[in-house]
Structure formats: structure tokens, C-alpha cells
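Q: Chains as they are written, first to last, in the working numbering: chain A, 1 to 134; chain B, 1 to 169. Note that CB positions come from ideal geometry on N, CA and C, so glycine has one too. Small disclaimer: the values here were computed from a predicted structure and weren't measured.
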Amino acid sequence: MLGTIRYRFRDERDKASYCTTYRIFSGGPVVWAGPLESLRAALAGVSAASLYAADVRFTVQFPWAPPRGPRPVTRGIVVYYENASGDSGELLWLPTVAPDADLTALDALMIAHFVDRDGDPLLRRVGVREYVSE
Amino acid sequence: MQSMAMTQLPVCQVSYNIVDERGANAQVQAYLPGATTLANATTRAAALRTALAALTQGSITSQSITYSFVDPVAPAAGENTRVEQKGVFVFRGANLQLTRIQIPAFPLTMVTVTGSIDEDLPLVNALVLEMVDNGWTTSLGSDIVALERSYQIMRTTTRNRRARDDRPD
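#1: What number of angstroms, rounded off, separates the C-alpha of G69/A from the C-alpha of S62/B?
#2: Rounding to the nearest angstrom, what Cα-Cα distance links T21/A and D87/A in this structure?
#3: Per DSSP, which residues does T96/A bridge with? Please list them.
#4: Does the Cβ-Cβ distance between I103/B and S47/A come in under 8 Å?
#5: Would you mind telling me which residues of chain B sit closer than 9 Å to S88/A, beta carbon to beta carbon, in chain order?
#6: Going by the C-beta, is A30/B closer than 7 Å to any heavy atom of the ligand PLP?
#7: Rounded to whole angstroms, what is the Cα-Cα separation between A47/B and N25/B?
#8: Anything in chain A within Cβ reach of Y31/B, meaning under 7 Å, just list it in chain order.
#9: Considering only the beta carbon of each residue, do V88/B and S139/B sit closer than 8 Å?
#10: With C12/B and T36/B assumed to form a contact (beta carbons below 8 Å), what rounded beta-carbon distance in angstroms separates them?
#11: Is there at least one Cβ from chain B nearer than 8 Å to P35/A's Cβ?
#12: Can you tell which of G27/A, D102/A and R71/A has the C-alpha that lies nearest to the C-alpha of A39/B?
#13: What does a CB cutoff of less than 7 Å around N160/B pick up in its chain, not counting 5 residues either side in sequence?
#14: Cα separation between F62/A and I18/B?
#15: Starting from Q57/B, find everything on chain A with Cβ-Cβ shorter than 8 Å and list it in chain order.
#16: Evaluate the contact criterion for the region 119 to 131 of chain A versus the region 76 to 91 of chain A: three or more CB pairs, one atom per stretch, below 8 Å.
#17: For chain A, is any of its Cβ atoms less than 8 Å away from the one on V111/B?
#18: Based on DSSP bridge pairs, tell me the residues matched to R8/A.
#19: At 8 Å on the CB atoms, spell out the chain B contacts of R10/A, in chain order.
#20: Is D20/B helix, strand or coil by DSSP?
#21: Under 8 Å, with one C-beta from each stretch per pair, do the region 49 to 62 of chain B and the region 77 to 92 of chain B reach the 3-pair mark?
#22: Chain B partners of G45/A, CB-CB under 9 Å?
#23: Grab me the residues of A163/B's own chain with a C-beta within less than 8 Å of its C-beta, minus the 5 sequence neighbours each way, in chain order.
#24: I'd like to know whether the C-beta atoms of R13/A and D55/A end up nearer to each other than 8 Å.
#25: Could you round the C-beta distance between Y31/B and D116/A to whole angstroms and report it? I think they count as a contact, below 8 Å.
#26: Our contact map puts A84/A next to L123/A with C-beta atoms below 8 Å; I'd like the distance itself, whole angstroms only.
#27: For P35/A, does the three-state DSSP call read helix, strand or coil?
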């Protein structure tokens, strides 16, 4: 799968910029050792900025399909999940989703496979709230 | 600059773009363990997309999976560095597509008086060899096979972004 790699730099003023490259990845783990590090070393050799981070992104665009209803992206629900360590848990913001939506399938996936942003497993859904943003 | 401390964040981010009837966009973000293989992440992202598609009144237009790495001990930027000062390398792919990389804060010591990059310098040559010989591709996934040209530029937006004391009178 084609990945987009962004090597992130910042200069003396902390102003950020990046260098974009492309590479095909296998379906295995995405690890730093190997070509990603090899190119980092080469880039660091020709830049006086600080090369402080990088990310590897895999994007798929879908054919346009008409929206299924009138609800705007400024209205939706936020779903609260408790995590295994009992701290902040995770919020899942779902624009255009109605407050009475059946979240059973979503919950099953989130709890089986997904984690909070610290990497803690999710245990259960503990709340749903409607939101309206500007 | 030497650094071998690039470490992976504990999660990879799965995100979706949703567009509504008016054409406005919003994102949904969820997280998988960072060690999840790309194949498994793709499968799980597709399953979550199916679940979201059944709930949303908008339309899902794209999906991204992002693995992130940080170097907490990255060497500091050099004195008077400016990210707007780019070294541009244009490579040719096996499909003849041209693709460019732009390297921020490219040192002027590597640039000739005509504005081209001195490709005989060992550090420049090492970069070119890395791009050509180590499996890097164009934006369409075609193997990079040769360096087409290289030069140095200052982005046009630079003047307003440079430090006040760095502007000419």
C-alpha cells in the first residue's frame, strides 16, 4: 500500500515545515528501523533544521455519494468510552449522527479493537451527548 | 546530525472525512494500538467505516491511517536556520513521472553561485543514492530511478514570515 511519509522539521524560530516522500509498504507493522531511518539520516545531513518527528499516512479516497440526510456536520453526538486504566477514557465525536442512533455495532468494534489516544483499551460506553458547534 | 531516537507513538490514528449536504466537512478520529499491522489496521478501519456509514447522515469521502514517530532528543536547529530556504530535488520515476522533495533549511554552503545544488558533495550524493536505490517512489507509487535536477529556492511567502531583524532595509 502506498504510504505518504512526512519528515517534520523546525528551524531556530520553531517555525515548522516538512518534506514529503512516498513508499510502498507491505501489510506488516510500520516500523522506523530500515528505510525510514535511512532516509532520515540522509535528510538530516542536508538540512540545518531540527528533524524532530515523522508520520506515515495511508489514505483512501472514496467515490462521492450523496449524503443520506439533512443533518449538518455541525450537529452530532459525542460518545464517551471508559478505558482500562480508569483515567480519562476516550471521546468519539460523530458529526451528523442523531442522538437516538443505535450504537451497538459501533460499540462492539470500539471495545474489541480500538484504544484511547494513550493506547489504553476501551472497556465500555459510558455516555452519549448531543452537540452543536458553530 | 546523528539521532537514533525516533520512537513510535503508542497509537496509530484512524480518521474519516465526512461531508454534509451543504458541502461542509468534518472529521472522525479513532485510535488503534501503534503496533497494529497495516493489514489489520486497514481491516479494522474498514469495519469502523461501515459502522459509521450506517449512522451518519453525511457521506464518508476519505479514510486515513497514520503512524506517528517522534524524536525526543532531536538535535536542535542550527543558528539562523530558515525552513523557507528549500533544497529541491526532482526525481524521475520508472513511469517517467516527476516527483520532487523539498528539504527545509537547506544550507547555502551546498548551493553553487548559479542556484543549483552541488551534487558532487558527499551528503548530497548520499541523499540522491538513498532516494534512487532504496525503494522510494513517486506519488503514484512508481520506483524512483534517477535524479532529474536540483536547485535551491526561497518560498515566496518567506518575506512576511521571516524574523523582523532578518528583513533587509
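A: Concretely, from the data shown:
#1: 19 Å
#2: 38 Å
#3: None; T96/A has no bridge partner.
#4: Judged by their CB atoms, I103/B and S47/A are nearer to each other than the 8 Å cut-off.
#5: Within chain B, no residue comes near S88/A; the closest Cβ sits about 13 Å away, beyond 9 Å.
#6: As presented, the structure is devoid of all ligands, the ligand PLP included, so that no description of it is given.
#7: 21 Å
#8: F114, V115, D116 and R117
#9: no
#10: 6 Å
#11: yes
#12: G27/A
#13: Low per-residue confidence applies at N160/B: pLDDT is 47, beneath 50, and the placement is therefore not dependable, though the value from the model is reported in the following sentence. Cβ within range, chain order: n/a, list empty.
#14: 11 Å
#15: P67, R68, G69, P70, R71, T96, V97 and A98
#16: yes
#17: No, V111/B does not count as interfacial toward chain A.
#18: Y18/A and A53/A
#19: A77 and V83
#20: coil
#21: no
#22: Against chain B, the beta carbon of G45/A has neighbours under 9 Å at M1, P122, L123, V124, A126 and L127, listed in chain order.
#23: Low per-residue confidence applies at A163/B: pLDDT is 45, beneath 50, and the placement is therefore not dependable, though the value from the model is reported in the following sentence. Result list for A163/B: empty, nothing under 8 Å.
#24: Taking 8 Å as the Cβ cut-off, R13/A and D55/A do not qualify as a contacting pair.
#25: 7 Å
#26: Contact holds; Cβ gap of about 6 Å.
#27: Correct three-state label for P35/A: helix.
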